[in-house]
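The structure appears right after this line, and notes come after that.
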Amino acid sequence: MNPSLSGCKGAFQNTLPPLCGFPQVHQRLSPWQSVRVVYCSTVVPSDEVTVVYQNGLPVISVNLPSRRERCQFTLKPISDSVGVFLQQLQAEDRGIDRVAIYSADGTRVASSTGIDLLLLDDFKLIINDITYHVRPPKRELLSHENATTLNDVKTLVQQLYTALCIEEHQLNKEKELIGRLEELKEQLAPLEKVRLELSRKAEKRTTLVLWGGLAYMATQFGILARLTWWEYSWDIMEPVTYFITYGSAMAMYAYFVMTRQVGLVVLTSMLQ
1 MNPSLSGCKG
11 AFQNTLPPLC
21 GFPQVHQRLS
31 PWQSVRVVYC
41 STVVPSDEVT
51 VVYQNGLPVI
61 SVNLPSRRER
71 CQFTLKPISD
81 SVGVFLQQLQ
91 AEDRGIDRVA
101 IYSADGTRVA
111 SSTGIDLLLL
121 DDFKLIINDI
131 TYHVRPPKRE
141 LLSHENATTL
151 NDVKTLVQQL
161 YTALCIEEHQ
171 LNKEKELIGR
181 LEELKEQLAP
191 LEKVRLELSR
201 KAEKRTTLVL
211 WGGLAYMATQ
221 FGILARLTWW
231 EYSWDIMEPV
241 TYFITYGSAM
251 AMYAYFVMTR
261 QVGLVVLTSM
271 LQ
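Note that UniProt numbering has the sequence shown beginning at 1, numbered continuously upward.
This is the structure in structure tokens:
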């Protein structure tokens, strides 16, 4: 090779940047390109069942078969159970004839199982004839101290939930009061018989007194009539009848002043 050409080639090579720099430029992506790659890798197909946590509560997104739309169900980990979730699914879509949840090994999960226990492992959600493999996000394990505190909180929440069962408490209280009422009725039955007997006796006595008063008035009328027309004259008996009538009026007025009550019903109740 010509020595002049070799010198030019060497000089030209010294002015060019090294070729090893190109791979380094390829590795340094822009921030926008990096975010785009991560976003595309986290896209979830619309036909899957997903579980995410929002504000500390699990949100399960499910495709409804009849309505052909995606629906989110927000559950309470402590108070809600698997049965509550299944009932919400059937209530949201009437076209769901069969819905059940199975564990990863094919064992059916009971309806009484809590949502917090269900979301610890993967499970299968079967809606009609479609099976969905659900993979809940793994949550960080708590330390022993925090786990003990959380168990205490769960216990207190369960006790509060039990204490707030107002309807059940009212039913139990109603049964208790009905039982006590029946016991009191049994205890008062002999006393009720005595009361009815005394009431009959008082009514009988009152009737006798009323009829006795009528008989006294009739007897008085007969005596005054005989003394007036047969034994003595009207001139003699007129002052007598006057004082008898005036004395009866004074007696009735004195009764009114003492009792402030007028009427046969009041008199009957007083006699009883």
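C-beta atoms are modelled at their ideal positions from N, C-alpha and C, and glycine is treated no differently.
Query                                                                                                                               : Result
What span of residues does the alpha helix (DSSP H) with P239 cover, start to end?                                                  : 234 to 259
For R108, which of helix, strand or coil comes out of DSSP?                                                                         : strand
Is S81 buried or exposed, if buried means 16 or more other CB atoms sit within 10 Å of its CB?                                      : buried
To which residues does DSSP link Q54 through a beta bridge?                                                                         : L57
Which residues bound the alpha helix (DSSP H) around E92?                                                                           : 82 to 92
Bridge partners for Y132 per DSSP, in chain order?                                                                                  : L125
Using 8 Å as the threshold, is the segment 186 to 197 in touch with the segment 205 to 215, meaning 3 or more CB pairs across them? : no
Taking the alpha-carbon of V153 as reference, which of S79, L89, A202 has the nearest alpha-carbon?                                 : S79
Where A189 and E182 are concerned, what is the direct C-alpha to C-alpha distance, given to the nearest angstrom?                   : 10 Å
The beta strand (DSSP E) with I101 in it runs from where to where?                                                                  : 99 to 103
In the DSSP output, what is E69 paired with across the bridge?                                                                      : L64
Are any of the Cβ atoms in chain C nearer than 8 Å to that of A218?                                                                 : This model lacks chain C altogether, as it is built from one protein chain only.
Considering only the beta carbon of each residue, do P136 and L119 sit closer than 8 Å?                                             : yes
Given a cut-off of 8 Å, decide if L57 and T74 are closer than it, judged by their beta-carbon atoms.                                : yes
Could you check where the alpha helix (DSSP H) with L118 kicks off and where it finishes?                                           : 115 to 118
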